[in-house]
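S.K.: So the sequence shown is numbered by the working numbering: it starts at 18 and just counts up by one. Where is the CB? At the ideal position from N, CA and C, for every residue including glycine. This structure is a prediction, so every number in the text was calculated from the model and none was measured. My questions all concern the structure below.
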Amino acid sequence: MNSIKPINRRITVEDLETPEWKDIVLEMHSMMKVPREKMHKFAYCTDRRGLVYRAEFESFKHWEYPWLIKHGEFRPGAKILDCGCGRGILQFYLARKGYNIISVDISTLKTHQVQGFWNLMRKSGVPVTEDQASAMNGIARRYDVSIDFRVANIAKLPFEDEAFDYVYSVSVLEHMAEGEDVMAIKEMSRVLKKGGTMLVTVDFSPVKMERKAYIKEDIFKLISASGLYFDNMYDFEIQDWRKHLAELDLAFSKKNKCQVSSAAFVLKKTA
Ligand SMILES: C[S@@+](CC[C@H](N)C(=O)[O-])C[C@H]1O[C@@H](n2cnc3c(N)ncnc32)[C@H](O)[C@@H]1O
Numbered sequence: 018m019n020s021i022k023p024i025n026r027r028i029t030v031e032d033l034e035t036p037e038w039k040d041i042v043l044e045m046h047s048m049m050k051v052p053r054e055k056m057h058k059f060a061y062c063t064d065r066r067g068l069v070y071r072a073e074f075e076s077f078k079h080w081e082y083p084w085l086i087k088h089g090e091f092r093p094g095a096k097i098l099d100c101g102c103g104r105g106i107l108q109f110y111l112a113r114k115g116y117n118i119i120s121v122d123i124s125t126l127k128t129h130q131v132q133g134f135w136n137l138m139r140k141s142g143v144p145v146t147e148d149q150a151s152a153m154n155g156i157a158r159r160y161d162v163s164i165d166f167r168v169a170n171i172a173k174l175p176f177e178d179e180a181f182d183y184v185y186s187v188s189v190l191e192h193m194a195e196g197e198d199v200m201a202i203k204e205m206s207r208v209l210k211k212g213g214t215m216l217v218t219v220d221f222s223p224v225k226m227e228r229k230a231y232i233k234e235d236i237f238k239l240i241s242a243s244g245l246y247f248d249n250m251y252d253f254e255i256q257d258w259r260k261h262l263a264e265l266d267l268a269f270s271k272k273n274k275c276q277v278s279s280a281a282f283v284l285k286k287t288a
């Protein structure tokens, strides 16, 4: 994993086609038993085995996860914190690779399917408990791994200072309330060890949009709030972004419905 050369520029379809990236995506698909016809689609990939509590591999994650794995260069035995883990396959994949993962989310279960299932059970007189930890442990068992899952707000992390070698967050900050995202990145920075690495991906648009997606200025605000070192090599100035999105979208499906792209950055805590 660590031998792959990092990419410090915008990701293109060619990157997605390289064997290293494809291998990561295919390995995740195969862990989840995603049917062949669903592979390479831009839509969600969900674990066929989980009727209600399913691991997910959402559209943008098909490049965000390989990007994070490549740039993380995680050391064996390292302690890694997944902030806003949802039911993303990444945490289970990394646990499979032997990393020590702690996952945090405020609510992993509030999907339409889960709500529908609970309503059905309640109507049939079966008592249901909204036990997120058991649901997440159940998913982890399907992959023969164990995850230390905690229900918490990442804007107030229940961990000591400098507890983790790596802290990452994939597509979470843009889902938080105004100002809470800044609190979250400060918290993520607080729990990161000196010499540690933080990896973040967010929905991105070069222009302000109705749907929450960060513009370049928002991202630099986050970076500066973190107080961490940013090597300034990543290109958020995406030229021809519509063309770029259409290309990426075509890599997964025939339709182009996508409105935003995603940006990613790596921050370091100086030792
Ligand atoms: C788009 S999902 C991404 C999930 C996951 N990172 C993945 O790769 O699939 C956003 C997640 O952020 C979580 N989230 C939103 N606000 C949060 C907060 N304040 N604290 C912890 N998790 C939060 C949501 O519950 C949701 O699971």
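Confirm the yes/no value for this check: CB of K87, any heavy atom of ligand 1, distance under 7 Å.
M.R.: No, the Cβ of K87 stays beyond 7 Å of every heavy atom of ligand 1.
S.K.: How far does the alpha helix (DSSP H) with F91 in it reach, from first residue to last?
M.R.: Note, F91: premise wrong, no alpha helix (DSSP H); not H, not E.
S.K.: When you compare each of Y82, H192, E204 and I202 to F109 by their alpha carbons, which one comes out closest?
M.R.: Among Y82, H192, E204 and I202, the Cα nearest to that of F109 is on Y82.
S.K.: Looking only at its own chain, which residues have a Cβ that is under 6 Å from the Cβ of L111, when we skip the five neighbours before and after it?
M.R.: Correct list, in chain order: I118.
S.K.: Let's see if you can read the secondary structure: which residues bound the beta strand (DSSP E) around D198?
M.R.: No beta strand (DSSP E) holds D198; the alpha helix (DSSP H) holding it covers E197 to R207.
S.K.: Please state whether DSSP places L73 in a helix, a strand or coil.
M.R.: Note that residue 73 is Glu in the sequence shown, not Leu. The answer is strand: DSSP assigns E73 an E or B state.
S.K.: Drop a sphere of 10 angstroms on the beta-carbon of E234, count the other beta-carbons inside from all chains shown, and report buried for 16 or more, exposed for fewer.
M.R.: Label assigned to E234: exposed.
S.K.: Quick one: residues in its chain with C-beta nearer than 8 Å to the C-beta of E147, no 5 flanking neighbours on either side, listed in chain order?
M.R.: Closer than 8 Å at the Cβ level, and outside the excluded window around E147, lie L126 and W135.
S.K.: Check whether the Cβ atoms of R167 and V199 sit closer than 8 Å, and answer yes or no.
M.R.: It is not a contact, given that the beta carbons lie outside the stated cut-off.
S.K.: In its own chain, which residues sit with a C-beta less than 8 Å from the C-beta of G244, not counting the 5 before and 5 after it?
M.R.: Result list for G244: K203 and S206, in chain order.
S.K.: When we look at the beta-carbon of D161 and count the other beta-carbons within 10 Å, is it buried (16 or more) or exposed?
M.R.: D161 should be labelled exposed.
S.K.: Measure the alpha-carbon distance for T214 versus A242 and round it to whole angstroms.
M.R.: Whole-angstrom Cα-Cα distance: 16 Å.
S.K.: Pull up the distance between the alpha-carbon of S222 and that of S278, whole angstroms please.
M.R.: Going by the C-alpha atoms only, they are around 6 Å apart.
S.K.: Identify the residues that DSSP records as bridge partners of M215: which are they?
M.R.: Paired residues: V184 and L284.
S.K.: Bridge partners of S279, per DSSP?
M.R.: Its beta-bridge partners are D220.
S.K.: Please report the residue range of the alpha helix (DSSP H) in which I106 lies.
M.R.: Counting along the chain, the alpha helix (DSSP H) containing I106 begins and ends at I106 to R113.
S.K.: Which residue's Cα is closest to the Cα of I123: M226, K96, E44 and I171?
M.R.: Checking every option, the nearest Cα to that of I123 belongs to I171.
S.K.: Return yes when at least one heavy atom of ligand 1 lies under 7 Å from the C-beta of V121, else no.
M.R.: Yes, the beta carbon of V121 sits closer than 7 Å to at least one heavy atom of ligand 1.
S.K.: Going by DSSP, what residues sit across from I119 in a beta bridge?
M.R.: According to DSSP, I119 bridges with L98 and D165.
S.K.: Could you give the residue range of the alpha helix (DSSP H) that holds H129?
M.R.: Here the alpha helix (DSSP H) through H129 covers H129 to K140.
S.K.: Mind checking whether the beta-carbon of S124 lies closer than 7 Å to any heavy atom of ligand 1?
M.R.: Indeed, a heavy atom of ligand 1 lies less than 7 Å from the Cβ.
S.K.: Using a threshold of 7 Å, is the CB atom of V189 nearer than that to any non-hydrogen atom of ligand 1?
M.R.: At least one heavy atom of ligand 1 is nearer than 7 Å to the Cβ of V189, so yes.
S.K.: Residues in the same chain with beta-carbon distance under 7 Å from E197, minus the five sequence neighbours each way, listed in chain order, please.
M.R.: Excluding positions up to five away in sequence, the list reads A172.
S.K.: For K78, which three-state DSSP category applies?
M.R.: Note: K78 maps to helix in three-state DSSP.
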